[in-house]
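Each residue of the sequence shown is one higher than the one before, counting from 57 in the numbering used here. All residues carry an ideal CB built from backbone N, CA and C; glycine is no exception. Reviewing the structure listed below.
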Amino acid sequence: MLNIENFLETPQMIGKLDILDPSSFLSGQLHNKMRTENWCHVLKGTQDRFNVKNWLNNGIDIKDYMKHFKGQYKGKIFDSPVPPKMFMPNSPSCKDYSNFISKTLEEKIESGAIRVIGKVVQCQLPKVVMPLIVEQTKPRLCHDERFINLWMKDMPFELETLKDVPRMVGNDSVLFCCDEKSSYDHVKLKEESQTYFGVVFAGWVAIWLEN
C-alpha cells in the first residue's frame, strides 16, 4: 500500500513533484508550453476543456463575460453593453499604507502581473481606472472592481469540499495541501481586455496583465 511516508522516501516519486519556489514567482506561468500540455491532458473529456484551452493559448477576453448594464452606480446612470471610460481615485485607506502599496506594486511589476504605462498626464490612461483599497487586517492590497462587475454575467460556481474527495481520487491516493502563490496572477488577459484594469498610484499609470 502506498502511503505518504514511503512516497516521500522514493527519489523517483519526489522528482515528479512539480513544486515551484514562491520567491521566484512569475505571473502567467499557466501559459508555459509544458504546463499547457499538462492541462490539455488533464482536461480530456471535461465539459469546459475548449474554454480552458482557449484561455491557456490566447488569454481571457473579458468581453466574453460581459452583459448589458442599465442602472445606477455612485449616483451616475449607465446604459451600455460595455463599461464606459471611468476614472476613480484610490480609497482614503491607502494614505496610511503608501509604503506597503509601493512594495506590493513593485513585486507585481517584477513578477510581470502589472505593466507600467507611464506618468499621469504624460501617457494615455486606460479606459477604466479603478481604485486601490487596503484591507487592513492582513493587510492586503485590493483592486476595487465593483464598477466593472456591474457588466459581468452572473456565473456561480462551487468549490469542492471533503465530501467530493471519494469521487475524485482512487484508493491509496496521496493528497497534498498547498497554499497557492498569487492565484489571481496566473491567467493572462488579452491585450484589448487589459485596458479595463487600470491603476494609478503615486503619479504612475499601470495596467493589470493577469486576472
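| For the beta strand (DSSP E) that contains leucine 99, what are its first and last residues? | Leucine 99 -> no beta strand (DSSP E), and no H or E assigned at all.
query = Three-state secondary structure (DSSP) at glutamine 192?
reply = coil
Separation of valine 230 from methionine 224, as counted between CA atoms: 12 Å
Within a Cβ cutoff of 8 Å, which residues of the same chain sit near methionine 208, ignoring the five residues on either side of it in sequence? Tyr121, Met122, Lys123
Does proline 182 pass the burial test, meaning 16 or more other C-beta atoms within 10 Å, or should it be called exposed? buried
- Task: Please list, in chain order, all residues of the same chain as threonine 92 whose beta carbon is under 6 Å from its beta carbon, the five residues on each side excluded.
- Result: Leu112
- prompt: Is glutamate 266 helix, strand or coil by DSSP?
  reply: strand
Using the three-state DSSP reduction, which class does cysteine 150 fall into: helix, strand or coil? helix
Decide yes or no for the touch test of the region 189-199 against the region 169-179: beta carbon pairs closer than 8 Å, at least 3 of them.
no
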